[in-house]
């Protein structure tokens, strides 16, 4: 059987906020290592990869690998019934056709029990090649969210450019253009700071669909910082860490010259 | 003019 108890149930609520608008349903793969889910948006432009390692849970048992085929709209509706400080337990049999969700209030005076029916989902899994990224940028997640929102007013494309000590976001459209630059801060240990790491100090500039970047920022509440990894002619990686034991990552194909 | 390719251009299917 499979049983996973998450003291900080809000993590699951926040993670699903970052998933549900991009992927309608997905296979949540449960193994002794934890829970993982990957899926592409219907246009196959963005890949979402969620990893929740077993250490994230205060109780975790998975005797045999279990696949939970979940409709994310339904999953989200049920998770909205949980309070932010509820403890959430997921349970399933070995070859399940349903998954049990148990919500316990922090002071244990209320328990809610839900059953979600599982669906068979036939989806392809993508192999992500090991890539040496030309640039790795860490910025406050709220700042990234704001920049994506602000630049979306100018057009459907956001250009991300990294040069030594600086990351620049720009957009151009019929109403005008915008350019927002963030400089690297001195002390990079602080979550409020910006860090820019480059391989060989070669500037890197790529264009992305602003619509998808805005979908990714729905995960902002998962982490104070977001990491962007860029490489010429490669998908952008946008990562939100879930403490030390999980992550929600997005891969977005760049717009390229025809 | 820039176009939007799908991820299959960059990633392989397992």
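Chains as they are written, first to last, in this note's numbering: chain A, 23 to 280; chain B, -4 to 9.
In this text, a Cβ means the ideal position worked out from N, Cα and C, and glycines have one as well.
Model, not experiment: these values are computed from the prediction.
Contact note: residue 256/A reaches chain B through 5, using a C-beta cutoff of 7 Å and chain order. At a Cβ-Cβ threshold of 8 Å, residue 110/A and residue 40/A do not count as neighbours. The beta carbon of residue 34/A lies closer than 7 Å to those of 28, 101 and 110 in the same chain, with the five residues before and after it left out. Boundaries of the alpha helix (DSSP H) harbouring residue 36/A: 32 to 39, taken from the DSSP string.
About 7 Å separates the beta carbons of residue 199/A and residue 192/A, which is inside the 8 Å limit, making them a contact pair. In its chain, beyond the 5 residues on either side, 213, 214, 246 and 247 have a beta carbon closer than 7 Å to the beta carbon of residue 162/A. Residue 184/A and residue 122/A have their C-alpha atoms some 46 Å from each other.
The segment 83 to 96 of chain A and the segment 40 to 55 of chain A touch, with no fewer than 3 CB-CB distances between them shorter than 8 Å. Within the same chain, and ignoring the five residues on either side of residue 63/A in sequence, the residues whose Cβ sits closer than 7 Å to its Cβ are 44 and 45. For residue 87/A, no beta strand (DSSP E) segment is defined, and its DSSP state is neither H nor E.
Under the three-state reduction of DSSP, residue 242/A is assigned to helix. Bounds of the beta strand (DSSP E) holding residue 189/A are 188 to 195. Segment contact: the segment 254 to 267 of chain A against the segment 113 to 121 of chain A, fewer than three CB-CB distances shorter than 8 Å; contact not assigned. Residue 150/A belongs to the set of residues whose beta carbon lies under 8 Å from a beta carbon in chain B. Rounded to the nearest whole angstrom, the C-alpha separation of residue 97/A and residue 138/A is 7 Å. Within chain B, the residues -3, -2, -1, 0 and 4 have their CB atoms less than 9 Å from the CB of residue 278/A, given in chain order. As DSSP reads the structure, residue 52/A sits in a beta bridge with 57/A and 88/A.
The beta carbons of residue 180/A and residue 232/A sit closer together than 8 Å. Taking a Cβ-Cβ cut-off of 7 Å, residue 59/A has no neighbours in chain B, whose nearest Cβ is about 15 Å from it. The beta carbon of residue 237/A does not come within 8 Å of any beta carbon belonging to chain B, so the residue lies off that interface. Per DSSP, the continuous alpha helix (DSSP H) segment holding residue 165/A begins and ends at 163 to 173. Taken in chain order, the complete beta strand (DSSP E) segments of 3 or more residues contained in the segment 101 to 173 of chain A are 109 to 114, 120 to 126, 133 to 139 and 157 to 162.
DSSP places residue 263/A within a strand segment (E or B) once states are collapsed to three. Residue 173/A and residue 234/A have their alpha carbons spaced roughly 13 Å apart.
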